[in-house]
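I have placed the structure first, in the form of structure tokens, so that the comments after it can refer back to it.
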Amino acid sequence: MYRTSPDTGRQPARPSGASLVAVPVVNSLDSTAGEHRLPTRTRLAAGVGMAVGSLSRRMGRGSGSVIGGRAILAIDPQALAHLARGRDVALVSGTNGKTTTTSLLSAALSLRGPVVSNALGANLPPGITAALAAASPTARQAALEVDEAWLGRVAAATDPDVVLLLNLSRDQLDRNNEVRRLAATWRAVLAERLAQGRAPHVVANADDPLVAWAAEESASVTWVGAGQRWTDDAAGCPNCGGRIRFPGDENAGDGWACGDCPFRRPGLDVSLDQDCVVLVDGTRIPVHLQLPGRCNLANAAMAMSAAARFGVDRAQAVAAMQDRSEVAGRYRTVTVGGVSARLLLAKNPAGWLEVFDLLSPAPTPVVVAINAQIADGRDPSWLWDVPFERLRGRLVVATGERSADLAVRLRYADVEHRRQPNLLAAIAEAGAHHGSQTGPSKVDVVANYTSFQAINRQVARVD
Amino acid sequence: MSTSAFRVALVYPDLLGTYGDSGNAVILAQRLRWRGQACEIVEVHAGDAVPDSCDLYVVGGGEDQPQSLAARELNRQRSLHRAVERGAALLAVCAGLQILGRTFVGPDGVEQPGLDLLDCVTVRGRGRRAVGELVVEPAADTGLPVMTGYENHGGVTILSPGAQPLGRVRSGVGNGRDADPNTAAVDGALNGRVWATYMHGPVLARNPAFADGLLGLVTGPLEPLDDQESDALRAERLAAAPTQASGATSRWPDTLVRWTRSRIRVR
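Protein chains in written order, with my numbering: chain A, 368 to 830; chain B, 212 to 478.
Quick look at the structure:
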């Protein structure tokens, strides 16, 4: 496996416009290279883990990847490192867009050969380990989604070639406490990799000050202007504690800057314009995704930049992403009792700001499903950071385990709403309301993490 | 309040707004509007001057570093001090409570001056961060029903003997584990029209009576509203909070017993 040699690594974070072509890229796959042999213990662990996972699956306990991965790591704590060795590894982390970006990156990397990925979003070490254990040995590339709090451990084990840092904002604060601590952890992880001479190439969202701060000391970075509408977690400068100023208008063309120190948005290597990704030399690459919205264009730009690092032609990479029409059930339309429901995921305020743009126009009803399990964060008070006032003029049906919290939020937002804790009944109720007004009933469903999974399960049962 | 709009100042939502506490301002404003009173929310962002002429101020929770920035700024401007002196009401939550005290601990671990509007100090807790449902029995003289919220903080707030807590902790941690173990666990602090608590949620979404109490400090008594949905939420959250032996702060044998019981119940 090719790796950036440590001496080429020590270039300072490029200000603006340093040629992308000059950056060494990982060579194409060498199919003649000898296959990496796993230690006996790892092979045994993988065998047992897959059996456990398969048993769990047959008992109807979900995909079995997490419990299988736990079994593997219990038998061989080093299994993740052993399973990753010999593969080209890209890690994708951030608060929002991990699963989609990983999916788009897999599509692009498939042009080089088989790719292993934790496609269903099991993004802690057990899920990642299980995905690698189940992969064919011929899958010499790994596109792995990593929970933002676990990036350090997963990077230490998998020795990634490329790390994609998407964004950081408030999410699951009961677990992560403070967003900027995550940024500090990321920064420390990258510094440690650099000190060990194992610095990955970083593809970073330059529009997010916390990400920029985490990545600024890295040896080699592709700065992507991927956007970040939500700015309320980055108002305090991570560098000096002063105040970050954001351009009032998103299209102002100018980035954020600290008012009190020289920390400012790095010069962009890749930016977005309309439906195109624009390289620093002015090359425009048109992007035609089936996935909707500005945020997915940004995810594509991040994935394209990472794929380019592995030697994939950028235009071809973007073209390969076009066949993705849904990601782990997101963006697809299902029919529930005659109601056509489009499924969208939004699990925090930053995610919601992107989702508002994707909603069908009013008065199309919206079902909003809110849970507060561990994977969602136990504290749904973030609902008050979402400008639900924008849903005035349509019916909202509040559902999920924390529909009571949501109903109170909607009441204070003066949004017409009902509360129906049962997910499928909520979709039916919204559909009945809409159908009576305008013919065939169509609703948008916006769910947070575990409520989305619950809807996916229940819809599958109804089908 | 009849001639001009009631003004609620939301102080530094970009620094002190991590846990949805800006919702408190929305709730206060809506509760007045639904009663036919004009109300305006004045959002004051970091770097802007805080007006001293508003009727009620809301200061929320935030992360360590922005919290320090906010405290420095508010001490420099002193408009919050002038407003309180003039008789404005003030709701402070979590980091907001901490900066209102005499001192608190900054991100570098160094003690920093607070606004000195509450007679308390906040130190760094020795144990685990307090995260979870918080249920508080307000002091009888407040006339408020039991309160529910969600706490998430590492700091421990120690009230001076003269300071009055908002109430006793029924479940959760509140002001903190390191407080005098011989006294009952308490949450928050009250000083005239300055009300402070560790309860997020936001606190006013789950406790409409607390919201009306705050507004009433300025407007006088208010007629009740239909709070069915808030009541449903309150009932749900109160039922969800783990039951905790009241009285002195918990010790490890109690914790062990509770843990064992909870295991048994699960099986």
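Glycine included, every Cβ here is placed at the ideal spot set by N, Cα and C.
- Taking C-beta atoms as the reference points, Gly424(B) and Leu355(B) count as a pair closer than 8 Å.
- A check of alpha carbon separations from Lys714(A) across Leu762(A), Gly660(A), Ala814(A) and Arg632(A) identifies Ala814(A) as the nearest.
- Among the residues of the region 430-451 of chain B, those with a Cβ less than 7 Å away from any Cβ of chain A are Glu440, Ser441, Ala443, Leu444 and Glu447, in the order of the chain.
- Within the same chain, Glu348 come within 6 Å of Val357(B) by CB-CB distance, once the 5 residues on both sides are set aside.
- Here the alpha carbons of Leu422(A) and Ile310(B) stand approximately 54 Å from one another.
- When C-beta distances to chain A are compared with 7 Å, the residues of the region 395-415 of chain B below that value are His411, Gly412 and Pro413, in chain order.
- If you compare the alpha carbons of Asn490(A), Val810(A), Ile495(A) and Met688(A) with that of Ala668(A), the shortest gap goes to Met688(A).
- Using a Cβ-Cβ cut-off of 8 Å, Tyr268(B) is close to nothing in chain A; its nearest Cβ partner there is about 18 Å away.
- Residue state for Ile369(B) is assigned as strand, using DSSP reduced to three classes.
- Cβ contact annotation for Gln683(A) (same chain, cutoff 7 Å, sequence separation greater than five): Leu478, in chain order.
- Relative to Ser470(A), the option among Ala562(A), His568(A), Leu411(A) and Ala674(A) whose CA is nearest is Ala674(A).
- Here the C-alpha atom of Ala306(B) lies approximately 7 Å from the C-alpha atom of Gln278(B).
- Annotation: Cβ neighbours of Ser233(B) in chain A (cutoff 8 Å, chain order): Trp751 and Asp752.
- Where Glu251(B) is concerned, there is no enclosing alpha helix (DSSP H), although the beta strand (DSSP E) around it starts and stops at Cys250 to Val255.
- Annotated three-state conformation of Phe630(A) is coil, per DSSP.
- Assigned with DSSP and collapsed to three states, Asn463(A) falls in coil, not helix or strand.
- For the pair Cys265(B) and Ala220(B), the Cα-to-Cα distance works out to about 6 Å.
- In this structure, Val521(A) sits away from Ala502(A), with a CB-CB distance that is not shorter than 8 Å.
- The C-beta distance from Pro492(A) to Leu440(A) rounds to 6 Å, short enough to fall under 8 Å.
- Across the region 763-776 of chain A, CB contacts with chain B closer than 9 Å involve Arg769, Ala771, Asp772, Ala774, Val775 and Arg776, in sequence order along the chain.
- Pairing Val775(A) with Glu440(B) gives a Cβ-Cβ distance under 8 Å.
- Any Cβ of chain B closer than 8 Å to the Cβ of Gly603(A) would place that residue at the interface, and such an atom is present.
- Membership of His449(A) in the alpha helix (DSSP H) is indicated by the continuous run Ala446 to Ala451.
- Considering only Arg824(A), Ala509(A) and Gln508(A), the residue with the shortest C-alpha distance to Val703(A) is Arg824(A).
- Nothing from the region 291-320 of chain B brings a Cβ to less than 7 Å from some Cβ of chain A.
- DSSP places Ile741(A) outside both helix and strand once states are collapsed to three, so it counts as coil.
- With respect to the 8 Å criterion, Asp636(A) and Trp590(A) are classified as neighbours on the basis of their beta carbons.
- Interface with chain A (8 Å Cβ-Cβ cutoff): Gly366(B) is excluded.
- Taking a beta-carbon distance threshold of 8 Å, Thr359(B) does not count as an interface residue toward chain A.
- Restricting attention to Arg246(B), Gly234(B) and Cys250(B), the CA atom closest to the CA of Ala240(B) is found in Cys250(B).
- Using beta-carbon distances, Asp275(B) counts as an interface residue toward chain A, with a partner under 8 Å.
- Between the beta-carbon of Gly298(B) and that of Thr314(B) there is about 26 Å, and that puts the pair past the 8 Å contact cut.
- Closest by C-alpha distance to Val513(A), out of Val530(A), Val459(A) and Ala497(A), is Val459(A).
- Taking Thr333(B) as the centre and dropping the five residues before and after it, the same chain places the C-beta of Gln309, Gly312, Phe315, Gly366 and Thr368 closer than 6 Å to its C-beta, in chain order.
- With a beta-carbon spacing of about 5 Å, Asp599(A) and Asp225(B) fall inside the 8 Å limit used to define contacts.
- Taking one beta carbon from each stretch, the region 762-778 of chain A and the region 725-738 of chain A have 3 or more pairs nearer than 8 Å; the two touch.
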